[in-house]
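Let me begin by presenting the structure, written as structure tokens, before commenting on it.
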Amino acid sequence: MKANVHKGKGQVSMDFLIAISIFAFGIVILLSQIPMLFAPLQTVATDIQPVAYRTSMILVEDGGIYEKAENITSRWEDPEGNRWNYTQNRDYLTNYHGNVKRIGLAMSAPRWSSSEDIVPNKLARSKIDALQEWGIHNQSTIRDKLGLFVTYNDKPLNYSYNISLKAFNESYIWDSTSDRALLQVGDAIPAGGVTVERMERIVAIDNSTTLNCEQIGDLECAKLVVCIWR
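In the working numbering, the protein residues as written are 211 to 440.
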């Protein structure tokens, strides 16, 4: 009689262990599927930082691309050497916007230089002025030239942006000659409700005698601030 009782107790314990094992296995399978369920949301939420970094890198380390009849130059702000401003290039050069393939602010190397086409981290005043004027007249095309309007899985992704040059105390780099911020283009940065990714790059600026830059060594320096959100 006692043997039967002990045998029954052992059978109940084995059933319990099997049930717990099956339940635990089901939980593991469920947890392994959760990241896949949220993958589309994670892609949208986490792509802002690399986009902000890429945008800042292009502006600081690239001089831009202007292509016409298979001729390529980084001097997109004055591709034909006429010393024209943005408005003149837009009005007098055929398909100027279409020929500007990418916007970059890095200073073009001297024409006699054969080692590099641009000088990374040193921004050309002429390119800064051109970008500022471009932003006043045609902000949406800047978004296209910086790759901030793309298609992903047949769905358009439109990134908002704000690009500025600031001093190390967070005040805008100010052009005392024109009495305005040297560079402040893009959308107004939202106060809340969205995630805004901010990237800062320390840069040197050429031809900066009328600016409130900070001298580091023999260079006049500031911060390029890039903010991206969706």
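Here a beta-carbon is modelled for each residue, glycine too, at the ideal position from N, C-alpha and C.
According to DSSP, residue i sits in a beta bridge with which residue or residues?
i      : result
ILE438 : TYR371 and GLU407
TYR362 : LYS365
LEU421 : ASP385
ASN281 : LYS278
ILE313 : GLY274
Along the beta strand (DSSP E) that carries residue i, what are the first and last residues, could you check?
i      : result
ASN331 : 328-333
THR387 : From DSSP, THR387 is part of no beta strand (DSSP E); its letter is neither H nor E.
GLY357 : Per DSSP, GLY357 belongs to no beta strand (DSSP E) and is neither H nor E.
For residue i, which three-state DSSP category applies?
i      : result
GLU287 : coil
GLY427 : coil
GLU380 : coil
GLY274 : strand
SER336 : helix
ILE412 : strand
ILE230 : helix
ILE399 : coil
Leaving out five residues on either side along the sequence, give the residues of the same chain with a beta carbon under 8 Å from the beta carbon of residue i.
i      : result
LYS433 : LEU375, LYS376, ALA377, PHE378, GLU410, ARG411, ILE412 and VAL413
From what residue to what residue does the alpha helix (DSSP H) around residue i run?
i      : result
GLU271 : 258-271
SER318 : Not the alpha helix (DSSP H): SER318 falls in the beta strand (DSSP E), residues 316-318.
ARG300 : 296-302
ASN309 : 306-309
Output needed for residue i: all residues of its chain with C-beta closer than 7 Å, excluding positions within five of it in sequence on either side, in chain order.
i      : result
GLU343 : ASN295, TYR296 and THR297
GLU277 : ASN309 and LYS311
LYS355 : VAL310, ARG312 and ILE313
If residue i sits next to residue j, beta carbons under 8 Å apart, how far is it from one beta carbon to the other, in whole angstroms?
i      : j      : result
GLU271 : ASN331 : 7 Å
Whose C-beta lies closer than 6 Å to the C-beta of residue i among residues of the same chain, with five residues either side of it excluded?
i      : result
SER386 : THR420
LEU358 : TYR369 and TYR371
CYS437 : ASN372, ILE399, VAL406 and ARG408
GLY273 : SER284, GLY314, ALA316, SER318 and ILE328
GLY427 : none
ILE228 : none
Could you tell me if the beta carbon of residue i falls within a distance shorter than 8 Å of some heavy atom in the ligand MN?
i      : result
SER350 : Annotation note on the ligand MN: not contained in the displayed structure, which lists no ligands.
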